[in-house]
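Novice:
2 protein chains.
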Amino acid sequence: MSHKVTNQTLATQRVRLWLHMLKAVRTVESALRERLRKHFEMTLPRFDVMATLYAVPEGLRMTELSEQLVVSSGNVTGIVEKLVEDGLVERQSMENDRRAHLVKTTDKGRKLMEEATTAHRAWVDELLNEVSEPDVARAISIMLDIRHAPRG
Amino acid sequence: MSHKVTNQTLATQRVRLWLHMLKAVRTVESALRERLRKHFEMTLPRFDVMATLYAVPEGLRMTELSEQLVVSSGNVTGIVEKLVEDGLVERQSMENDRRAHLVKTTDKGRKLMEEATTAHRAWVDELLNEVSEPDVARAISIMLDIRHAPRG
DNA sequence: GTGAGTTGCTTTAGATCTAAAACAACGCAA
DNA sequence: TTGCGTTGTTTTAGATCTAAAGCAACTCAC
């Protein structure tokens, strides 16, 4: 049955892809982490939160942050706490729902991210330098396919 | 200058790709973590180490493990320690280099991984189900490009 | 209105992680 | 051989992370 054989091979290839995705992500993360620490004395998770907030001046709720970043809500609580201590973000209670908090960057935070996002963009461009424009588009589409696959 | 504009757009697209890669990886990791815990009472990092060792019966040194998995050596020390406690792997001192240790799966570990790798393969196949065969090949190639990019 | 279920977030316990220091073993030039 | 830089791992301190429990606020059918 060539059908079965084909599927098995495809499954094997998908596992291979998965492992390569993991390695690629960890390699890039490692490079970004090192540079963020060196140039901005900032950790990668904190930058990720800051960058997400920097892109949305109105601010985001904790839940929205954790969904955007695909991390647990408890995790976001801790990171935001540190960022508040550093004066980079501020939390506001929401009038229509007293359980929720709106998190937004402070002036200090925006000032920092003005430089940090520029550097980050350049670093990512450099780290993904080998990926051509058509491949970038194709890869984005594939990553979206993966994320939106029907979950059993 | 169309050259500059083109490059800026490409840089922006590369950042977008990077963010999509992160989300895709975290989404798949999350699904795998949940299933590993449910079906095998095992964490993802421990499975990753086990799977790497399971593929190499002769065993691997700590450094080789950390390079394969793209994690710090200190991290591997901790994970392997837990796996030894669980009787899933064993450490042997190497005769030609007394600093190094060879880590290999035990019978118990191989027995477990016999089932676990099968399930894992099926899960990954399901989670990446939307990715066609040509796209899988393309994506693998792109991931390799990223990992082997010249590092500044 | 009110009680049950849901939601938004924090807390807790415990497992990863990294960076950097510490150490012992190695290798090799002088 | 002896000194010294390198290598392989572990240790340490501290920052993330997740899962799950805990809590308060919200919703909505009754």
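Each protein sequence line maps, in turn, to chains E and H.
So for the first sequence, this note's numbering puts the first residue at 1; every next one is plus one.
So for the second sequence, this note's numbering puts the first residue at 1; every next one is plus one.
A virtual CB, placed ideally from N, CA and C, is assigned to each residue, including glycine.
As the structure is a computational prediction, the values presented were derived from the model and not from experiment.
(1) Tell me which same chain residues have a C-beta within less than 8 Å of the C-beta of G152 of chain H, skipping the five on either side of it?
(2) Output needed for E115 of chain E: all residues of its chain with C-beta closer than 8 Å, excluding positions within five of it in sequence on either side, in chain order.
(3) Which residue marks the beginning of the alpha helix (DSSP H) containing S66 of chain E, and which one marks its end?
(4) Which class does E41 of chain E belong to by DSSP, given the choice of helix, strand or coil?
(5) For the alpha helix (DSSP H) that T117 of chain H lies in, which residues bound it at each end?
(6) With DSSP run on the structure shown, which of helix, strand or coil describes E58 of chain H?
(7) So is M143 of chain E in contact with chain H if we call contact Cβ pairs under 7 Å?
(8) Enumerate in chain order the residues of its own chain whose CB-to-CB distance from S66 of chain E is below 6 Å, with the five nearest sequence positions on each side excluded.
(9) Taking Cβ positions, are V166 of chain E and R14 of chain H nearer each other than 7 Å?
(10) Where does A24 of chain H land, buried or exposed, given buried means 16+ other C-beta within 10 angstroms?
(11) Please classify V131 of chain E: does DSSP put it in a helix, a strand, or coil?
(12) By DSSP's criteria, H179 of chain E is part of a beta bridge. Which residues make up the other side?
(13) With a CB to CB cut of under 6 Å and the five nearest residues on each side skipped, what residues in its chain are close to V49 of chain H?
(14) May I ask you to list, following chain order, the residues of the stretch 123 to 141 of chain E that have a beta carbon less than 9 Å from some beta carbon of chain H?
(15) Would you please verify whether the beta carbon of R121 of chain E is less than 7 Å from any beta carbon of chain H?
(16) My understanding is that G87 of chain E touches T106 of chain E, with C-beta atoms under 8 Å, so please give their C-beta distance in whole angstroms.
(17) Note down, in chain order, each residue of its chain lying with its Cβ closer than 8 Å to the Cβ of H120 of chain E, except the 5 sequence neighbours on either side.
(18) Would you verify that the beta carbon of Q13 of chain H is, or is not, closer than 7 Å to some beta carbon of chain E?
(19) Am I right that R138 of chain E and R138 of chain H are in contact with their C-beta atoms under 8 Å? What's the rounded C-beta distance?
(20) Once DSSP output is grouped into helix, strand and coil, what is the label at R33 of chain H?
(21) Would you please verify whether the beta carbon of L53 of chain E is less than 7 Å from any beta carbon of chain H?
(22) Report yes or no: is there a C-beta of chain E within less than 7 Å of the C-beta of L88 of chain H?
(23) Measuring straight from C-alpha to C-alpha, what distance separates I140 of chain H and N129 of chain H?
(24) For E81 of chain E, which three-state DSSP category applies?
(25) State yes or no: is the beta carbon of I79 of chain E nearer than 7 Å to at least one beta carbon in chain H?
(26) With distances taken from CA atoms, which of H:A149, H:L22, H:G59 is nearest A100 of chain H?
(27) DSSP three-state call for S93 of chain H: helix, strand or coil?
(28) Going by the beta-carbon positions, is the gap between H20 of chain H and M94 of chain E smaller than 7 Å?
(29) In angstroms with no decimal places, state the Cα-to-Cα distance between Y54 of chain E and L112 of chain E.
Specialist: On the basis of the data shown:
(1) Unreliable placement is indicated for G152 of chain H, whose pLDDT of 48 sits below 50; the coordinate value is still reported in the next sentence. By the criterion of a C-beta distance shorter than 8 Å, G152 of chain H is surrounded by no residue of its chain, once the five residues flanking it on both sides are discounted.
(2) So the qualifying residues of the chain are F40.
(3) Element bounds for S66 of chain E: 62 to 69.
(4) E41 of chain E sits in coil when the DSSP states are folded into three classes, being neither helix nor strand.
(5) Note, T117 of chain H: alpha helix (DSSP H), 107 to 127.
(6) The answer is coil: DSSP assigns E58 of chain H none of H, G, I, E or B.
(7) Among the CB atoms of chain H, one or more fall inside 7 Å of the CB of M143 of chain E.
(8) When the five nearest sequence neighbours on each side are left out, the beta carbons in the same chain lying within less than 6 Å of the beta carbon of S66 of chain E are those of S73, V76, in order along the chain.
(9) Nothing about residue 166 of chain E can be read from this structure; chain E reaches only from 1 to 152.
(10) Residue burial is scored here from C-beta neighbours: A24 of chain H has at least 16 other C-beta atoms within 10 angstroms and is therefore classed as buried.
(11) If DSSP states are grouped into helix, strand and coil, V131 of chain E belongs with coil.
(12) Nothing in the structure corresponds to residue 179 of chain E, since chain E is present only between 1 and 152.
(13) Correct list, in chain order: I79.
(14) Against chain H - using a Cβ distance shorter than 9 Å - the residues of the stretch 123 to 141 of chain E are W123, V124, D125, E126, L127, L128, N129, E130, V131, S132, E133, D135, V136, A137, R138, A139, I140, S141.
(15) Yes, R121 of chain E lies at the interface with chain H (some Cβ there is under 7 Å from its Cβ).
(16) 6 Å between Cβ atoms; contact.
(17) Once the five neighbours on either side are set aside, the close Cβ partners of H120 of chain E are L32, L36, F47, A51.
(18) Q13 of chain H belongs to the set of residues whose beta carbon lies under 7 Å from a beta carbon in chain E.
(19) About 6 Å; that satisfies the 8 Å criterion.
(20) Helix at R33 of chain H.
(21) So no, L53 of chain E is outside the interface.
(22) Chain E contact via Cβ: absent.
(23) Between I140 of chain H and N129 of chain H, the C-alpha separation is close to 15 Å.
(24) Annotated three-state conformation of E81 of chain E is helix, per DSSP.
(25) It does not: the Cβ of I79 of chain E has no partner Cβ on chain H nearer than 7 Å.
(26) Closest by alpha carbon: H:G59.
(27) DSSP places S93 of chain H within a strand segment (E or B) once states are collapsed to three.
(28) Taking a C-beta distance under 7 Å as the contact criterion, H20 of chain H and M94 of chain E do not qualify as a contact pair.
(29) C-alpha separation (whole angstroms): 10 Å.
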